[in-house]
Amino acid sequence: MRPVETARRHPEAGMRLGHNPAKFAEGVARPERITVVMISYIPFLSGYFAGALDVLKASLRSLRENTEPPFDLLVFDNGSGEETVTFLQDLRRQGGIQYLMLSDRNVGKAGAWDIVIPAAPGEILAYADSDVYFYPGWLSAGLAILETFPRVGMVTCRPMRTSPDLSSATLAWAERDPEALLEAGRWISWETFREHDLGLGQDEDEVRKRYETTQDLRVEYRGQIALIGAVHWQFVAHKQVLKQFVPLAVDQPLSGDRKLDECLNQGGYLRLMTVQPLVRHLGNVLPVELGKELAATTLRPPRPRARWLDWKPVRSLLLRLHHAIFRWYSGA
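Those letters in the sequence shown? Residues 0 to 331, per numbering that gives the first Met the number 0, in order.
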């Protein structure tokens, strides 16, 4: 008897039954040129992370509503709790996430970059932390700088005053390239500067002093204007450039944040920012001024904070205590 007839009578023999339907497909889906990559980490919904899931929802909503060029979304979850993982899985089933990667532990941001940078299918990678809010035109503005300036390492879609040590290669290029027009001045508005720094919990008097005693560097090149500097919590970059510097993995969850900045600068790549504030760092609480539409995504409104909590000795003591408790329970 022929082998094929034996297989039909005895399927347990290990041969396939029927034909794989995929063989008759006319084509396969192709990834978009741009992959937006986001890393999430919300281990529980209390304490520091009480409002983090609401912030993540607002971030993803603004991404979908305010991004014009086609893109695929890749989310790497860095060991979040059940509520966050369930939300992300539901969103993937609904088509809101094209690629979802779930880690059962926190491998740190640098460790996550080691995974997602090679894995991102697009030739351009637009990265953001999960607490970034996107305004209309952010990606188009970042791409315009990325594709105009030479040897760009990363473009952040918000102007800030960043460490000049991490942009020394950019400044050196601007000073020697005859096509580059470099100007020093106060190009960032006080409102934009204040919004970001106060959002980090800094004292307003200190923020004002820093604003008045520092300047910005602006460079114009072939009709495009950018500020010198960038940040690792949001950037647009060529994947092939970033791949040169992975793996970046370090021992502590947040200690590798600056490593990518350092590698790009040491490699002679430019680190640039848009002139307009087109993204915003939200932190762990959804800002009230974003309006009722975004506030509707919160599970509960934040309670007003007692003024005595802002007294520096109390604030310092409680933050140290919170840090110690977090380390105990997270095993850091």
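Just so you know, even glycine gets a beta-carbon here, dropped at the ideal spot from N, CA and C. Model, not experiment: these values are computed from the prediction.
Ignore the nearest five residues each way along the sequence and tell me which others in Arg160's own chain have a CB closer than 6 Å to its CB.
One-based indexing of the sequence shown puts residue 160 at position 161. Closer than 6 Å at the Cβ level, and outside the excluded window around Arg160, lie Thr213.
On a Cα-Cα basis, can you pick out the residue from Ile33, Ile116, Pro276, Thr83 that is closest to Glu190?
By one-based count along the sequence shown, residue 190 stands at place 191. Nearest C-alpha to Glu190 among Ile33, Ile116, Pro276, Thr83: Pro276.
Does the region 133-142 come within contact of the region 62-81, defined as at least 3 CB pairs closer than 8 Å?
yes
Going along the chain, which residues of its own chain have a beta-carbon closer than 6 Å to the beta-carbon of Ser61, five neighbours each way excluded?
Indexing the sequence shown from 1 puts residue 61 at position 62. Taking Ser61 as the centre and dropping the five residues before and after it, the same chain places the C-beta of Tyr132, Phe133 closer than 6 Å to its C-beta, in chain order.
Where do the ends of the beta strand (DSSP E) carrying Tyr210 lie?
Counting from 1 along the sequence shown, the entry for residue 210 is found at position 211. First-last for Tyr210: 203-212, but that is the alpha helix (DSSP H), not the beta strand (DSSP E).
How far does the alpha helix (DSSP H) with Asn77 in it extend, from its first residue to its last?
On the sequence shown, residue 77 is found 78 positions in, with the first residue counted as 1. Segment 71-77 is the beta strand (DSSP E) holding Asn77; no alpha helix (DSSP H) there.
Closest by CA to Asp215, which one among Ser188, Glu203, Gln239, Arg193?
As a working mapping, residue 215 is identified with position 216 in the sequence shown. When only C-alpha atoms are compared, the closest one is Ser188.
Going by alpha carbons, who is nearest to Arg104 out of Asp76, Trp112, Val36, Leu87?
On the sequence shown, residue 104 is found 105 positions in, with the first residue counted as 1. For the residues Asp76, Trp112, Val36, Leu87, the minimum Cα distance to Arg104 belongs to Asp76.
Quick one, which of Asp130, Asp113, Gln265 has its alpha-carbon nearest Gln233's?
Translated into the one-based positions of the sequence shown, residue 233 becomes position 234. Residue Asp130 is the option with its Cα nearest to Gln233.
Helix or strand or just coil, what does DSSP make of Gln97?
Taking the first residue of the sequence shown as 1, we reach residue 97 at position 98. DSSP places Gln97 in coil when its eight states are reduced to three.
Is there contact here, the region 35-47 with the region 73-92, by at least three beta-carbon pairs under 8 Å?
Contact between the region 35-47 and the region 73-92 is established, with three or more Cβ pairs separated by less than 8 Å.
Kindly indicate which three-state DSSP category Ser162 falls into: helix, strand or coil?
Residue mapping note: residue 162 aligns to position 163 of the sequence shown, counting from 1. It is coil, neither helix nor strand.
What number of angstroms, rounded off, separates the C-alpha of Asn264 from the C-alpha of Ile224?
Sequence index remark: in the sequence shown, residue 264 carries index 265 (1-based). Sequence index remark: in the sequence shown, residue 224 carries index 225 (1-based). About 20 Å.
Three-pair Cβ contact test at 8 Å for the region 115-123 versus the region 233-245
yes
Looking at the secondary structure, which residues open and close the alpha helix (DSSP H) in which Gln239 lies?
Locating residue 239 in the sequence shown gives position 240, counting from the first residue. Note, Gln239: alpha helix (DSSP H), 238-242.
Decide if Leu59 is buried, meaning its Cβ has at least 16 other Cβ atoms within 10 Å, or exposed.
The residue given as residue 59 occupies position 60 in the sequence shown. Using a 10 angstroms sphere on the CB of Leu59, the tally of other CB atoms reaches 16 or more, which defines it as buried.
Whole runs of the alpha helix (DSSP H) within the region 128-180, excluding any shorter than 4 residues
List check, alpha helix (DSSP H) in window: 137-145, 167-175.
Residues bridged to Leu271 [DSSP beta-bridge criterion]
The residue you call residue 271 lines up with position 272 of the sequence shown. Paired residues: Val154, Ile227.
On a CA-only basis, which of Ala51, Thr34, Ile33, Arg270 is nearest Cys156? Give me that one, please.
Here the question's residue 156 lines up with position 157 in the sequence shown. With distances taken between Cα atoms, Cys156 lies closest to Arg270.
Taking the alpha carbon of Arg32 as the reference point, which residue from Pro163, Leu142, Val274 has its own alpha carbon closest?
Here the question's residue 32 lines up with position 33 in the sequence shown. Selected option, being the one with the closest Cα: Leu142.
Expressed to the nearest angstrom, what Euclidean distance is found between the alpha-carbon atoms of His231 and Ala109?
Taking the sequence shown and counting its residues from 1, the one referred to as residue 231 is at position 232. Taking the sequence shown and counting its residues from 1, the one referred to as residue 109 is at position 110. Using only the alpha carbons, I get a separation of about 10 Å.
Mark Asp71 as exposed unless 16 or more other C-beta atoms lie within 10 angstroms of its C-beta, in which case mark it buried.
As a working mapping, residue 71 is identified with position 72 in the sequence shown. So Asp71 counts as buried.
For Tyr220, which of Glu174, Leu101, Asp204, Leu317 has the nearest alpha-carbon?
Here residue 220 corresponds to residue number 221 of the sequence shown, with the count starting at 1. Minimum Cα distance to Tyr220 is reached at Glu174.
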